[in-house]
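Residue numbers (this note's numbering): -5 to 317.
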Ligand SMILES: Cc1cc2nc3c(=O)[nH]c(=O)nc-3n(C[C@H](O)[C@H](O)[C@H](O)COP(=O)(O)O)c2cc1C
């Protein structure tokens, strides 16, 4: 029947995934999304394999927390030591991830300066070693890469062409260079070029496009116009967490105030259950704007919640009748 991505594709005709976002798309948020609008596939926040193979393992392994309801779930790894990828995967295979994704796209300074993430675009020998180590240790778990179209110049033919020779199950192409930030528009024409390259090489690798997609309607239009097998959507989920809902109105952000308040409460309940002992309440404030918006008193309520000091205080604000 093929791998998980092919299964989604044959059932739905298009893959709509949530893009991995460090500090945002954790098990808590993913479990909320499972209730209000679940994508076809989740990716974990990126896990550093060197950290996982060190004494500091406990500090990084929370990124792999998940519940079965979140499946299909793909573990995303980053690092630049092939042996550590192999060692990490040997251990996490027991958790039966639905896929292993290698991060070759991150452009955060600390990641780049250590030769990891999108710095790997400049090192095909090491990239090849990493991919081979991951494929060997994955023992049949689908392997994918998430990357960009170049480091400081467009390298679609050269870099994406190189990755397409690796017989990956899936490749996600973010249409920016490593040196570009979100103020440069995503180059979907280069993503289309990656698809043409794949077709001309007769490669079986599925390609997801990524960058600047705001909603499902746009995702499907882009699918048609640029030929990708699906897309990963990142930041837009924070403008509308209901983005993947089956209901067209919810998908467009038409959510009642009551439901918004209830969903934030549910998020906080899941936070206490899953991460109450691992993380502080303040870390959850970044989600407040996502849920509490688009109604008359939203900004007043947000201010109250942002100034609260504990989950209990937030619950008590959310239960007030005068807000
Ligand atoms: C806060 C934040 C954290 C991110 N963390 C990751 C990550 O852990 N792994 C990864 O591959 N990409 C990461 N990204 C990049 C996104 O997955 C995505 O490629 C990028 O935001 C472009 O897609 P978008 O325009 O739909 O947001 C992150 C982006 C943001 C904004």
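Beta carbons: idealized from backbone N, C-alpha and C, even for Gly.
Near ligand 1: residue i beta-carbon under 7 Å from a heavy atom
{"i": "residue 39", "result": "yes"}
{"i": "residue 15", "result": "yes"}
{"i": "residue 154", "result": "no"}
{"i": "residue 18", "result": "yes"}
{"i": "residue 227", "result": "yes"}
{"i": "residue 205", "result": "yes"}
{"i": "residue 100", "result": "yes"}
{"i": "residue 97", "result": "yes"}
{"i": "residue 140", "result": "yes"}
{"i": "residue 70", "result": "yes"}
{"i": "residue 56", "result": "no"}
{"i": "residue 261", "result": "no"}
{"i": "residue 284", "result": "no"}
{"i": "residue 213", "result": "no"}
{"i": "residue 230", "result": "yes"}
Under the three-state DSSP convention, the category residue i falls into
{"i": "residue 5", "result": "helix"}
{"i": "residue 323", "result": "Nothing can be reported for residue 323: it is not among the residues displayed for the chain, which extend from -5 to 317."}
{"i": "residue 70", "result": "strand"}
{"i": "residue 300", "result": "helix"}
{"i": "residue 30", "result": "helix"}
{"i": "residue 102", "result": "coil"}
{"i": "residue 270", "result": "coil"}
{"i": "residue 225", "result": "strand"}
{"i": "residue 38", "result": "coil"}
{"i": "residue 196", "result": "coil"}
{"i": "residue 138", "result": "strand"}
{"i": "residue 19", "result": "coil"}
{"i": "residue 166", "result": "strand"}
{"i": "residue 204", "result": "strand"}
{"i": "residue 231", "result": "helix"}
{"i": "residue 264", "result": "helix"}
{"i": "residue 95", "result": "strand"}
{"i": "residue 171", "result": "strand"}
{"i": "residue 114", "result": "helix"}
{"i": "residue 155", "result": "helix"}
{"i": "residue 59", "result": "coil"}
{"i": "residue 286", "result": "coil"}
Chain-order list of residues whose beta-carbon lies under 7 Å from that of residue i (same chain, five-residue window excluded)
{"i": "residue 308", "result": "262, 299, 302"}
{"i": "residue 186", "result": "220, 221"}
{"i": "residue 179", "result": "206"}
{"i": "residue 233", "result": "none"}
{"i": "residue 133", "result": "87"}
{"i": "residue 201", "result": "165, 167, 188, 189, 192, 222, 223"}
{"i": "residue 83", "result": "94, 128, 131, 132"}
{"i": "residue 162", "result": "137, 138, 139, 199"}
{"i": "residue 208", "result": "230"}
{"i": "residue 62", "result": "none"}
{"i": "residue 14", "result": "37, 38, 39, 40, 70"}
With 16 other Cβ atoms within 10 Å as the buried cut-off, status of residue i
{"i": "residue 176", "result": "exposed"}
{"i": "residue 21", "result": "buried"}
{"i": "residue 172", "result": "buried"}
{"i": "residue 144", "result": "buried"}
{"i": "residue 26", "result": "buried"}
{"i": "residue 98", "result": "buried"}
{"i": "residue 29", "result": "exposed"}
{"i": "residue 141", "result": "buried"}
{"i": "residue 204", "result": "buried"}
{"i": "residue 291", "result": "exposed"}
Nonlocal neighbours in the same chain, by C-beta distance under 6 Å from residue i, ignoring five residues either side
{"i": "residue 333", "result": "Residue 333 is absent from the structure shown; the chain starts at -5 and stops at 317."}
{"i": "residue 8", "result": "217, 224"}
{"i": "residue 56", "result": "272"}
{"i": "residue 120", "result": "none"}
{"i": "residue 109", "result": "74"}
{"i": "residue 289", "result": "251"}
Other residues of its chain near residue i: CB distance less than 8 Å, five sequence neighbours each side excluded
{"i": "residue 2", "result": "9, 34, 35, 66, 224"}
{"i": "residue 53", "result": "45"}
{"i": "residue 304", "result": "275"}
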